[in-house]
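Residue numbers (the working numbering): -10 to 209.
In what follows, a structure is listed as structure tokens, so that the remarks can point back to it.
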Amino acid sequence: MELYGVRAVQLDLDLIYDPNQVEFRRRVDLVLDRLILIGANLVLLQVFQDPDGDGSANGVYFKTDLAPSLDAFGTFLEEARERNIKVFAWMTTLACSWVLEEHPNWEILSFDPDSGSYVTGKYWYRRASPFCDDFVTYLRALYADLASYPLDGILLQDDLYLGEWEDFSEWARSAFRKEYGFELTPLLLKMGDWREKWINWKVERLMYIARILEETVKEK
């Protein structure tokens, strides 16, 4: 992708990581040298672990005590800097599988209109509820650790979204009740303009999370 003199390349650390640091550095050198040959000057680098490619992060590739961690990002940045290649950290948001393993009640809850029941994992990624304040606080701290590196920017993963019938978790219901004074139910969303209000309310929450993550990175 090239625009305004920027030729960007997307790269997954999953594809080149090796626990042997000598071998890993050799792979990094090889990749970066090839990028120079094609004129690339920006790498959008996936810094979360997703070896099975299902989009749900199993850990991260930077130093932190907050998630399963492999130290790889620093090495890549060092080698990229020597070649004047900029690096944006491409990072997960809501789809942190290790968080859901420890806090299963933080997961988004969907309504299934076909069965009339509430389910998890309906819309692509399994994700934590954006209305869970404890999770948002955790995510901000995780991004602060990422931002301690001399990166050039952040690219948010495409897991910062809510599906058509999300979210009915206890966190979303509580936030909705606090905002509007009504219980969040599928029946309510069929009345008047409640569905439109609900959609706009969800969008505002997602944008809020994007903003605070941006602020967290800029503070560093």
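All residues carry an ideal CB built from backbone N, CA and C; glycine is no exception.
Owing to the predicted nature of the structure, the values given are computational and were not obtained by experimental measurement.
Item                                                                                                                                                                      : Value
Please specify which runs of the alpha helix (DSSP H), each continuous and at least 4 residues long, are wholly inside the segment 83 to 136, giving them in chain order. : 86 to 91 and 122 to 135
Between A133 and T205, how many whole angstroms is the CB-CB distance? I'm expecting something under 8 Å.                                                                 : 5 Å
Which two residues bound the contiguous alpha helix (DSSP H) that contains L24?                                                                                           : Q10 to L26
So, is I143 buried or exposed, given that buried needs 16 or more other C-beta atoms within 10 angstroms?                                                                 : buried
Exposed or buried, P119, counting other C-beta atoms within 10 Å across all chains shown (16 or more means buried)?                                                       : buried
Where does the unbroken alpha helix (DSSP H) through R166 begin, and where does it stop?                                                                                  : E159 to Y169
Does DSSP classify L202 as helix, strand or coil?                                                                                                                         : helix
Nearest-angstrom Cα distance between Y6 and F13?                                                                                                                          : 6 Å
What does the Cβ neighbour count give for D22, buried or exposed, with the cut at 16 atoms within 10 Å?                                                                   : exposed
Since F65 and L140 should fall inside the 8 Å C-beta cutoff, what is the C-beta to C-beta distance between them, to a whole number of angstroms?                          : Contact doesn't hold; Cβ gap of about 10 Å is too wide.
To the nearest angstrom, how far is the alpha carbon of L135 from that of Y127?                                                                                           : 13 Å
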